[in-house]
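Position 472, counted from 1, in the sequence shown is what the numbering used here calls 552; the numbers after and before it change by one each time, with no gaps.
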Amino acid sequence: MNAIIQIHATDNVAVATAEIAPGTELKLGELVLTAQNAVPAGHKIALRDIAEGENIIKYGFPIGHAKRAIAKGEHIHTHNLASNLAGLREYSYHPSAVPIKSETPDTFMGYVRPDGKVGIRNEVWIIPTVGCVNGIAEAIEERCRVKMPEGVERLCAYTHPYGCSQLGGDHLMTQKALSGLIRHPNAAAVLVLGLGCENNQIADLKKVLGDYDSERVRFLICQEVEDEIAEGERIVDELMAYAAQFKREPVPASKLIIGLKCGGSDGFSGITANPLLGAFSGKLIAQGGSAMLTEVPEMFGAETMLMDRCVDEETFEKTVSLINNFKEYFMRYGEKINENPSPGNKAGGISTLEDKSLGCVQKGGSAPVVDVLSYGQPIEKAGLSLLQAPGNDLVAATALAVSGAQLVLFTTGRGTPFGCPVPTVKVATQNVIAGKKPNWIDFGAGALLEGESMESLRERFFAYVLKVASGEEKPHSESLSKKNLAIFKDGVTL
């Protein structure tokens with residue numbers, strides 16, 4: 081393994097694969113340099129002298145500019161590198177999307193629903209319309225869990241603090257999020273539990289939900305019955321019996337919808353785990369499947385890569401709106417658009433938001449962008465879609481599930497145990513965290529640093545994901561609670 085990696089031929093920095101001591105002589109092809117100071121693993125080192133104000137290039141794109149003159153071999157990080165990001169931008173469309181050559185789909189064992197959608201888990205969900213009935217939902221779950229019939233993999237009462245005292249678009253986002261979960265194919269059956277006096281009236285929620293299967297989705301308003309727990313128990317017993325009828329059967333990988341997410345990123349994220357997800361996404365899309373890329377603030381600085389891959393000008397314009405509307409969201413609250421990366425990101429070697437973003441978008445590979453989805457909007461087209469949601473791990477992962485992802489692939493260099501409403505596979509960027517947290521990490525991309533080819537690792541990972549979809553493998557996050565919904569909020573609370 082080489083001590084440093086140059087990601088793109090035009091980069092004026094390289095990334096340290098392990099800690100480099102001051103005075104260490106480093107070679108990169110014909111280039112020879114000496115480390116001027118200590119460079120932690122995942123951090124950047126200058127490949128040549130860089131003038132004050134000159135752009136720092138990584139991934140072939142600027143990740144900021146030098147605050148002062150930087151010498152060849154010097155450690156580059158937040159102390160001498162500053163972001164170039166500021167405000168809204170005007171964009172022009174330079175189409176460069178290359179169609180992905182189709183492949184014969186692999187198969188997995190899934191649950192085919194009456195509407196043709198496919199679930200990868202066979203669960204029964206209890207979804208409150210309002211936080212006031214969270215305790216009732218949990219009480220119903222507790223009574224019914226001990227009676228789960230064979231074939232029902234999980235009974236889960238989701239909880240959240242919303243559904244009342246919200247206004248306008250903020251209230252609508254809650255309704256869209258809940259509706260997306262009610263429709264989700266991983267849930268064979270759903271009880272929607274209301275209070276009766278909340279803003280989020282079941283009658284209004286049904287308008288957002290649209291058509292539904294009355295055998296699969298049932299509603300209960302607690303204020304309208306004498307014993308809501310007993311009545312809820314009765315309904316859930318019936319829903320579990322209905323759910324138990326479904327059996328796994330072979331389905332093509334084209335039925336898979338995968339959510340792409342990263343968190344606790346480090347300097348290796350854009351070199352190993354995120355490109356692995358990009359390679360995986362390309363293979364899945366070639367087989368007719370779908371992937372969703374979100375974390376809009378972590379597209380800032382890398383957005384033109386996605387814009388130029390839009391399939392047409394309409395999709396390009398929707399992407400421009402996605403980016404600039406999210407910047408305006410920041411500015412509306414008086415926040416800087418480049419108030420990122422996090423302390424953990426910085427410790428791992430990420431210096432600016434552009435640095436983080438250019439690594440983040442690697443998860444989308446090179447697939448054309450076929451659509452742009454608003455928060456809570458169901459995915460409609462096969463291929464790569466962009467989804468409106470923030471970078472926050474819990475909120476973004478929940479948003480992916482709400483829009484129809486049956487599975488979330490989550491890359492991490494720092495490690496995290498969280499789960500969301502759908503199975504969440506944790507992919508480590510390097511072997512250190514994979515070895516340190518085997519109870520969190522499901523798959524390691526650090527093999528790329530050890531010499532395994534991307535093609536080989538992609539094939540191993542694709543086979544693993546099909547096993548997860550088939551229920552043969554269970555990500556570690558599935559052993560933990562997933563019942564707390566993280567719904568995106570943007571508005572006044574009364």
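Backbone N, C-alpha and C fix where the C-beta goes; we use that ideal spot for every residue, glycine too. Please read all numbers here as calculations on a predicted model, not as lab measurements.
Note down the Cα distance separating residue i from residue j, rounded to an integer number of angstroms.
| i | j | result |
| --- | --- | --- |
| residue 259 | residue 269 | 13 angstroms |
| residue 301 | residue 559 | 31 angstroms |
| residue 235 | residue 204 | 5 angstroms |
| residue 386 | residue 253 | 25 angstroms |
| residue 194 | residue 294 | 12 angstroms |
| residue 288 | residue 533 | 47 angstroms |
| residue 516 | residue 529 | 17 angstroms |
| residue 147 | residue 159 | 8 angstroms |
| residue 332 | residue 552 | 16 angstroms |
| residue 537 | residue 451 | 28 angstroms |
| residue 200 | residue 503 | 9 angstroms |
| residue 548 | residue 330 | 14 angstroms |
| residue 299 | residue 273 | 6 angstroms |
| residue 84 | residue 351 | 12 angstroms |
| residue 282 | residue 145 | 53 angstroms |
| residue 188 | residue 296 | 24 angstroms |
| residue 478 | residue 445 | 22 angstroms |
| residue 130 | residue 105 | 19 angstroms |
| residue 305 | residue 311 | 8 angstroms |
| residue 401 | residue 513 | 37 angstroms |
| residue 438 | residue 136 | 13 angstroms |
| residue 196 | residue 335 | 9 angstroms |
| residue 176 | residue 394 | 15 angstroms |
| residue 411 | residue 419 | 11 angstroms |
| residue 326 | residue 263 | 16 angstroms |
| residue 546 | residue 572 | 43 angstroms |
| residue 397 | residue 407 | 15 angstroms |
Considering only the beta carbon of each residue, do residue i and residue j sit closer than 8 angstroms?
| i | j | result |
| --- | --- | --- |
| residue 372 | residue 465 | yes |
| residue 94 | residue 143 | no |
| residue 265 | residue 86 | no |
| residue 376 | residue 457 | no |
| residue 121 | residue 101 | no |
| residue 317 | residue 224 | yes |
| residue 257 | residue 567 | yes |
| residue 202 | residue 232 | yes |
| residue 361 | residue 337 | no |
| residue 526 | residue 430 | no |
| residue 127 | residue 434 | no |
| residue 436 | residue 345 | yes |
| residue 217 | residue 237 | yes |
| residue 448 | residue 241 | no |
| residue 155 | residue 119 | yes |
| residue 569 | residue 250 | yes |
| residue 239 | residue 564 | yes |
| residue 324 | residue 181 | no |
| residue 509 | residue 353 | yes |
Taking all protein chains shown into account, do 16 or more other C-beta atoms lie within 10 angstroms of the C-beta of residue i, making it buried, or fewer, making it exposed?
| i | result |
| --- | --- |
| residue 442 | buried |
| residue 169 | exposed |
| residue 389 | buried |
| residue 543 | exposed |
| residue 255 | buried |
| residue 111 | exposed |
| residue 291 | exposed |
| residue 114 | exposed |
| residue 247 | exposed |
| residue 383 | buried |
| residue 221 | buried |
| residue 463 | buried |
| residue 413 | exposed |
| residue 89 | exposed |
| residue 483 | buried |
Please check the pair residue i and residue j, which I expect to be a contact at CB under 8 angstroms, by giving their CB distance rounded to whole angstroms.
| i | j | result |
| --- | --- | --- |
| residue 507 | residue 356 | 7 angstroms |
| residue 490 | residue 277 | No, residue 490 and residue 277 are not in contact; Cβ-Cβ is about 38 angstroms, not under 8 angstroms. |
| residue 153 | residue 116 | 4 angstroms |
| residue 209 | residue 319 | So it is not a contact: roughly 17 angstroms between Cβ atoms. |
| residue 271 | residue 206 | 5 angstroms |
| residue 480 | residue 245 | Their Cβ separation, rounded to whole angstroms, is 27 angstroms, which puts residue 480 and residue 245 out of contact at 8 angstroms. |
| residue 497 | residue 520 | 5 angstroms |
| residue 349 | residue 493 | 5 angstroms |
| residue 132 | residue 149 | 5 angstroms |
| residue 243 | residue 211 | 6 angstroms |
Next item on the list: Give, in chain order, every unbroken run of the alpha helix (DSSP H) that is at least 4 residues long and sits entirely within the stretch 411-437.
Entry: Listed in chain order, the alpha helix (DSSP H) elements of length 4 or more contained wholly in the stretch 411-437 are 423-427.
Margin query: To test your reading of the DSSP string, which unbroken alpha helix (DSSP H) runs of 4 or more residues are found completely within the stretch 116-146?
Written below: If you keep only unbroken alpha helix (DSSP H) runs of at least 4 residues inside the stretch 116-146, you get nothing at all.
Check: In the stretch 167-224, which residue ranges form an unbroken beta strand (DSSP E) of at least 3 residues, counting only runs that do not cross its ends?
Finding: Entirely contained in the stretch 167-224, the beta strand (DSSP E) runs reaching 3 residues are, in chain order, 187-192, 203-208.
Next item on the list: Let me know the alpha helix (DSSP H) ranges lying completely inside the stretch 272-351, each 4 residues or longer, listed in chain order.
Entry: Taken in chain order, the complete alpha helix (DSSP H) segments of 4 residues or longer contained in the stretch 272-351 are 282-289, 308-323.
Checklist line | Uninterrupted beta strand (DSSP E) stretches inside the stretch 500-564 (no shorter than 3 residues) | finding: Fully enclosed beta strand (DSSP E) runs of 3 or longer: 504-508.
Notebook entry, point to check: Going along the chain, which unbroken runs of the alpha helix (DSSP H) with 4 or more residues stay wholly within the stretch 233-264?
Noted result: The stretch 233-264 is shown to contain whole alpha helix (DSSP H) runs of 4 or more residues at 248-263, in chain order.
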